[in-house]
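Going down the list, the protein sequences come from chains P and C.
For the first sequence, position 154 (counting from the first letter as 1) is numbered 852 according to my numbering, and the numbering increases by one without interruption.
For the second sequence, position 90 (counting from the first letter as 1) is numbered 788 according to my numbering, and the numbering increases by one without interruption.
Positions of the beta carbon are idealized from the N, C-alpha and C atoms, including for glycine.
Note sheet for the following structure.
There are 2 protein chains.
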Amino acid sequence: MNGKISDGRQLSDLEREMIELFVRMADVLNLPRSVGEIYGILFVSPGPLCLDDCRLRLNISKGSTSQGLKILRSFGAIRTVYIPGDRKDYYMAETSLRKIASGFASEQIQPHVASGKDRLFRIRELLADESEAEREHWEEKIELLENWQKKAGTTLPVILKLIST
Amino acid sequence: MNGKISDGRQLSDLEREMIELFVRMADVLNLPRSVGEIYGILFVSPGPLCLDDCRLRLNISKGSTSQGLKILRSFGAIRTVYIPGDRKDYYMAETSLRKIASGFASEQIQPHVASGKDRLFRIRELLADESEAEREHWEEKIELLENWQKKAGTTLPVILKLIST
DNA sequence: GATAAGTTTCATCGATTTTTGAATGTTTTA
DNA sequence: TAAAACATTCAAAAATCGATGAAACTTATC
Numbered sequence: 699m700n701g702k703i704s705d706g707r708q709l710s711d712l713e714r715e716m717i718e719l720f721v722r723m724a725d726v727l728n729l730p731r732s733v734g735e736i737y738g739i740l741f742v743s744p745g746p747l748c749l750d751d752c753r754l755r756l757n758i759s760k761g762s763t764s765q766g767l768k769i770l771r772s773f774g775a776i777r778t779v780y781i782p783g784d785r786k787d788y789y790m791a792e793t794s795l796r797k798i799a800s801g802f803a804s805e806q807i808q809p810h811v812a813s814g815k816d817r818l819f820r821i822r823e824l825l826a827d828e829s830e831a832e833r834e835h836w837e838e839k840i841e842l843l844e845n846w847q848k849k850a851g852t853t854l855p856v857i858l859k860l861i862s863t
Numbered sequence: 699m700n701g702k703i704s705d706g707r708q709l710s711d712l713e714r715e716m717i718e719l720f721v722r723m724a725d726v727l728n729l730p731r732s733v734g735e736i737y738g739i740l741f742v743s744p745g746p747l748c749l750d751d752c753r754l755r756l757n758i759s760k761g762s763t764s765q766g767l768k769i770l771r772s773f774g775a776i777r778t779v780y781i782p783g784d785r786k787d788y789y790m791a792e793t794s795l796r797k798i799a800s801g802f803a804s805e806q807i808q809p810h811v812a813s814g815k816d817r818l819f820r821i822r823e824l825l826a827d828e829s830e831a832e833r834e835h836w837e838e839k840i841e842l843l844e845n846w847q848k849k850a851g852t853t854l855p856v857i858l859k860l861i862s863t
């Protein structure tokens, strides 16, 4: 046992309670539990942690930890810290809500919005094959959905503006 | 076979494609697939449908259909239609994005925000037992989270306002 | 260039969630 | 109040999703 504070010692009540908070957030955002745990351990830590630090303190597997760090990196919820003379990658939690939210929006939400747009386009194509009467029936429904689509597209940026104030 | 348009006949390409759209939305919102399907079949239908209409056209079980309708009712995504001289309950899709979103927010999101608030309060209590030095270390993190909390609370209502315009 | 350190990938396992359908509950009608 | 018409519940089955850890991969060190 060396002197590193991050080795596999038990988590304190305070730490556990806070990590649980992030696990719940992950749940709401439809992210794996381990992603919440990893963000949590980085958030409560006074300094950067490496993959092994995280997994030892959380008692989770190497695979989950690697995968979780990748997800958190993908939307900028953590940042990589370079520590001279150490080959390991170190991470710390990004605490700017604006940065995290905008990363999440563009990486996890936008793709869904985009694929919905595609599908709506395909629906318009299918509609061309239908009879006049059928087209009439569908037209209003499709317009409704296009309106939803548009709102999703315009609302997201506004939310981000709001959060950053 | 009677003359009802809603009996178990095959779905058209157009119908299937549109229902799929709602299944994807359900997925993003972390709701069961069947909930998306049921909303979808109600959305594409020209008139109200009863439980059996839905399940026959979608080929899903009675249990799923009952459960799905209950969930959709719980946040106001569908409305119940009374048809004189018929004992069955009929449903139609609510198409106001504002109504659906605000129902979803208050039924599915708010409870999470509230329980997060509770947890943060419990964390403050735990903090009282810590030494002066420890308290110092945690104070800024807790303040950060309280700030997030506050933003979640104020942003949600604003989003709903935005959607309704 | 062989070894060691660190990370990622992926097949499999396990846990959780959803679906099913039979049983149960409720309301209406005759 | 018996029977019929519907809706709901719930235990069991099926499907889904995340976690695991061994193997593969990459990069650095000697």
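| Asked | Found |
| --- | --- |
| Does chain C have any CB closer than 8 Å to the CB of residue 855 of chain P? | no |
| Just confirm the distance between the C-beta atoms of residue 769 of chain C and residue 729 of chain C, as a whole number of angstroms; I'd bet it's less than 8 Å. | 7 Å |
| Might you give, ordered along the chain, the residues of its own chain that have their beta carbon closer than 7 Å to the beta carbon of residue 704 of chain P, omitting 5 neighbours on each side? | Confidence at residue 704 of chain P is low in this model, with a pLDDT of 46, below 50, so its placement is unreliable and no value can be given for it. |
| Below 7 Å on C-beta distance, what does residue 814 of chain C contact in chain P? | 719 and 722 |
| Buried or exposed: where does residue 822 of chain P fall if 16 or more other Cβ atoms within 10 Å of its Cβ makes it buried? | exposed |
| Return the CA-CA distance between residue 716 of chain C and residue 738 of chain C, expressed in angstroms with no decimal places. | 7 Å |
| Relative to the C-alpha of residue 816 of chain C, which residue among P:710, P:789 and P:719 is closest? | P:719 |
| Between residue 862 of chain C and residue 760 of chain C, what straight-line distance do the alpha-carbon atoms span, to the nearest angstrom? | 35 Å |
| Report all residues from its chain with a CB closer than 7 Å to the CB of residue 763 of chain C; omit the five preceding and five following residues, and keep chain order. | 736, 749, 752 and 753 |
| So, for residue 793 of chain C: in the same chain, excluding its five sequence neighbours on each side, which residues have a beta-carbon less than 8 Å away from its beta-carbon? | 741 |
| Under three-state DSSP, which class holds residue 731 of chain C? | helix |
| Have a look at residue 884 of chain P and residue 853 of chain P and give me their C-alpha separation to the nearest angstrom. | With chain P covering only 699 through 863, there is no way to say anything about residue 884 of chain P. |
| Considering residue 777 of chain C, what are the terminal residues of the beta strand (DSSP E) in which it resides? | 776–779 |
| For a test of the three-state rule: what should DSSP assign to residue 747 of chain P, helix, strand or coil? | strand |
| To the nearest angstrom, report how far apart residue 851 of chain C and residue 707 of chain P are at their CA atoms. | 36 Å |
| I need the DSSP call for residue 704 of chain P, collapsed to helix, strand or coil. | Note that residue 704 of chain P scores 46 on pLDDT, short of 50, meaning its location in the model is unreliable and no value can be drawn from it. |
| Does residue 787 of chain C come within less than 8 Å of chain P when only Cβ atoms are used? | no |
| Taking beta-carbon pairs under 9 Å, can you tell me which members of the segment 731–756 of chain C lie near chain P? | 741, 742 and 744 |
| Under a Cβ-count criterion, where at least 16 other Cβ atoms within 10 Å of its own Cβ denotes burial, should residue 733 of chain C be classed as buried or exposed? | buried |
| Do you know offhand how far residue 800 of chain C's Cα is from residue 773 of chain C's? | 8 Å |
| Answer with yes or no whether the minimum CB distance from residue 858 of chain C to chain P is below 8 Å. | no |
| With respect to the beta strand (DSSP E) encompassing residue 791 of chain P, which residues constitute its N-terminal and C-terminal limits? | 788–791 |
| Around the Cβ of residue 776 of chain P, are there at least 16 other Cβ atoms within 10 angstroms (buried) or fewer (exposed)? | buried |
| How would you label residue 831 of chain C, buried or exposed, when you count the other beta carbons within 10 angstroms and need 16 or more for buried? | exposed |
| Whose Cβ in chain C lies nearer than 9 Å to the Cβ of residue 797 of chain P? | None at all; the shortest Cβ gap to chain C is about 13 Å. |
| Roughly how many whole angstroms lie between the Cα atoms of residue 824 of chain P and residue 789 of chain C? | 27 Å |
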